[in-house]
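Position 97, counted from 1, in the sequence shown is what the UniProt record's numbering calls 97; the numbers after and before it change by one each time, with no gaps.
The beta carbon of each residue, even a glycine, is placed where N, CA and C say it ideally should be.
Predicted model, so just to flag it, every value in this text is computed and none were measured.
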Amino acid sequence: MRGLPPESALARQEGAWSLLEENVAQLVDVASHLAETAWTDRVTDPDDPEVKAARARTAGRRPPRHAPVVPVALRPAAIGEQLLRAYTERLAGLGATAVEPETTGQDGGLGSDGFDTLAAVFAGRLRQQ
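Written out as structure tokens, the structure reads:
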């Protein structure tokens, strides 16, 4: 998905976005985070040399007090962009940046409307600066 058409209900709803809708969107974000974390834990081989090297690089560092949760739920554009910007700033403060995602599909990528960054972060492909 490259973005919502301007005539879509979600695009028109930006001014009427309520706390209930944002709370539901946050629940979607958290559920997605939990599913991604469980999947990553399930498929990561602790004996893989790349995993061992990554763990050695981060040895002695404390994880953040609260997990950074990627804003993946569909929201009105302005709100979604603001949350994504805050999320990437938080990542930068933790010393991590999103890695460009591998290209997929016939068009050679996931789109250039900010979805590439979100997809890379959502996939958990982060690198230390």
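- Message: Using the three-state DSSP reduction, which class does D48 fall into: helix, strand or coil?
- Response: Residue 48 sits at position 48 when you count from the first residue of the sequence shown. Correct three-state label for D48: coil.
- Message: Does the contact criterion of 3 or more C-beta pairs under 8 Å hold for the region 13-27 versus the region 76-93?
- Response: Using a Cβ-Cβ distance cut-off of 8 Å, the region 13-27 and the region 76-93 are in contact, since at least three pairs of beta carbons, one from each stretch, lie closer than that value.
- Item | Inter-residue CB distance, V51 and T40 (contact presumed, cutoff 8 Å) | If you number the sequence shown from 1, residue 51 lands on position 51. If you number the sequence shown from 1, residue 40 lands on position 40. Between T40 and V51 the Cβ distance is about 11 Å, and since that is not below 8 Å, they are no contact.
- Item | Extent of the continuous alpha helix (DSSP H) to which W17 belongs | For this step, residue 17 is matched to residue 17 along the sequence shown. It is not in any alpha helix (DSSP H) - W17 carries neither H nor E in the DSSP assignment.
- Message: Can you tell me where the alpha helix (DSSP H) holding T88 begins and where it ends?
- Response: In the sequence shown, counting from the first residue as 1, residue 88 sits at position 88. Here the alpha helix (DSSP H) through T88 covers 77-93.
- Message: In whole angstroms, give me the CA-to-CA distance for A35 and L27.
- Response: The residue given as residue 35 occupies position 35 in the sequence shown. The residue given as residue 27 occupies position 27 in the sequence shown. Spanning the alpha carbons of A35 and L27 requires a straight line of approximately 12 Å.
- Counted within 10 angstroms of its Cβ, other Cβ atoms place T37 as buried (16 or more) or exposed: Locating residue 37 in the sequence shown gives position 37, where the first residue counts as 1. With fewer than 16 Cβ atoms within 10 Å of its Cβ, T37 is classed as exposed.
- A92 versus R62 - alpha carbon distance: As a position in the sequence shown, residue 92 is number 92, starting the count at 1. As a position in the sequence shown, residue 62 is number 62, starting the count at 1. Between A92 and R62, the C-alpha separation is close to 16 Å.
- Pull up the CB-CB distance for P71 and Y87, whole angstroms please, since I reckon it's below 8 Å. Position 71 of the sequence shown, counted from the start, is the residue given in the question as residue 71. Position 87 of the sequence shown, counted from the start, is the residue given in the question as residue 87. Yes, P71 and Y87 are in contact; Cβ-Cβ is about 6 Å, under 8 Å.
- Item | DSSP-derived helix/strand/coil call for A67 | By one-based count along the sequence shown, residue 67 stands at place 67. The three-state secondary structure of A67, taken from DSSP, is coil.
- A56 to Q82, Cα distance in whole Å? Here residue 56 refers to the residue found at position 56 when the sequence shown is read from its first residue. Here residue 82 refers to the residue found at position 82 when the sequence shown is read from its first residue. Cα to Cα, the separation comes out at about 34 Å.
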